[in-house]
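Residue numbers (the UniProt record's numbering): 1 to 271.
Here's the structure, in structure tokens; my notes come after.
See the structure below:
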């Protein structure tokens, strides 16, 4: 739910102080108002643990596969969580820490992607949605920070542009088998670094997505690395360095050639 502006508490406080002015109970009333204000603020504070989203993920996601059929018939909790995200104003968002903002945006991207699939399920691929030239990622089907938005806005205008954290590409999920698996819990500020590290290792070390052929000295990478190469090489210098620094595997030779694997756009649904 949306946080109550501080100005509201100020008005309440002013009203009570005027009402009890010149009485022996003014000090006591002041303390009561302060206590009430703090309780209300706590009640309406945004849940940065994203508890309800974690609960949904644990119910319907297993090893990256999503049980869309069951989820579609039990949408109440998801819809409630999405409403909570949509109720956050630009002003409230600006008060978040960097870790809180990043967690908020990653979770929003994934949760609204799930909503998009459920709205049109059954389907074989997310690419069936949207216009011929725009695809599903430019569909303005949700509200965030006060106005209609699309998934591209979250990914490119916020996540990539403002944070320059390449591991977000392993955290956001495009509802496809070729995409890094959907994480089974919400991203949270208190453990965001470990979560990003774990998602990177899980994706990079899985031969279905990335693998090294020692005979050919070729590092086969997901097309994600081709599409967003500048994100991955901005600090590491090249893709091999990035892979070696984040895969958790034995380093591949620095002179490895890089080739890209085909991308599987089939829906990441439970079989």
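Positions of the beta carbon are idealized from the N, C-alpha and C atoms, including for glycine.
All values reported here derive from a predicted model rather than from experimental measurement.
Measure how close the beta-carbons of residue 132 and residue 139 come, nearest whole angstrom, since I'm counting them as under 8 Å. About 13 Å separates the Cβ atoms of residue 132 and residue 139, ruling out a contact at the 8 Å cut-off.
List the residues that DSSP assigns as beta-bridge partners of residue 193. In the DSSP output, where bridge partners are listed per residue, residue 193 has none listed.
Between the region 105-120 and the region 174-192, do three or more beta carbon pairs fall short of 8 Å? Because the criterion of three Cβ pairs below 8 Å is met, the region 105-120 and the region 174-192 touch.
On the CB-based measure, 16 or more other CB atoms within 10 Å of its CB, does residue 156 come out buried or exposed? Classification for residue 156: exposed.
With residue 81 as the anchor, note down where its alpha helix (DSSP H) starts and where it stops. Its alpha helix (DSSP H) spans residues 76-86.
Just curious, the alpha helix (DSSP H) that residue 102 is in, first and last residue? Looking at the DSSP string, the run of the alpha helix (DSSP H) that includes residue 102 is 98-120.
Test item: CB-CB of residue 233 and residue 175 under 8 Å: Contact: no.
CA nearest to the CA of residue 111, picked from 271, 144, 178: Among 271, 144, 178, the Cα nearest to that of residue 111 belongs to 144.
Which value, in whole angstroms, describes the spacing of the CA atoms of residue 199 and residue 246? Annotation: residue 199 to residue 246 spans about 10 Å, alpha carbon to alpha carbon.
DSSP three-state call for residue 243: helix, strand or coil? In this structure, residue 243 counts as helix in the three-state DSSP scheme.
Taking only the alpha-carbon atoms, compute the straight-line gap between residue 221 and residue 99 and give it to the nearest angstrom. One alpha carbon belongs to residue 221, the other to residue 99, and they sit about 28 Å apart.
Under three-state DSSP, which class holds residue 123? In the three-state reduction of the DSSP assignment, residue 123 falls in the coil class, being assigned neither a helical nor a strand state.
Identity of the residues DSSP links to residue 144 by a beta bridge: When beta bridges are read from the DSSP output, residue 144 appears opposite 147.
Can you tell me which of 262, 166, 270 puts its alpha carbon nearest to the alpha carbon of residue 207? When each option's Cα is compared against that of residue 207, the closest is 262.
Helix, strand or coil, according to DSSP, for residue 62 in the structure here? If DSSP states are grouped into helix, strand and coil, residue 62 belongs with the strands.
I need the DSSP call for residue 156, collapsed to helix, strand or coil. Under the three-state reduction of DSSP output, residue 156 falls in the helix class.
For residue 92, does the three-state DSSP call read helix, strand or coil? Per DSSP, reduced to three states, the secondary structure at residue 92 is helical.
Between residue 52 and the rest of its own chain, which residues show a CB-CB distance below 8 Å, the 5 nearest in sequence each way excluded? Within the same chain, residue 52 has close Cβ partners 77, 80, 81, 84.
Taking 8 Å as the limit between beta carbons, can you name the residues of its chain near residue 146, skipping five residues before and five after? Excluding positions up to five away in sequence, the list reads 89, 90.
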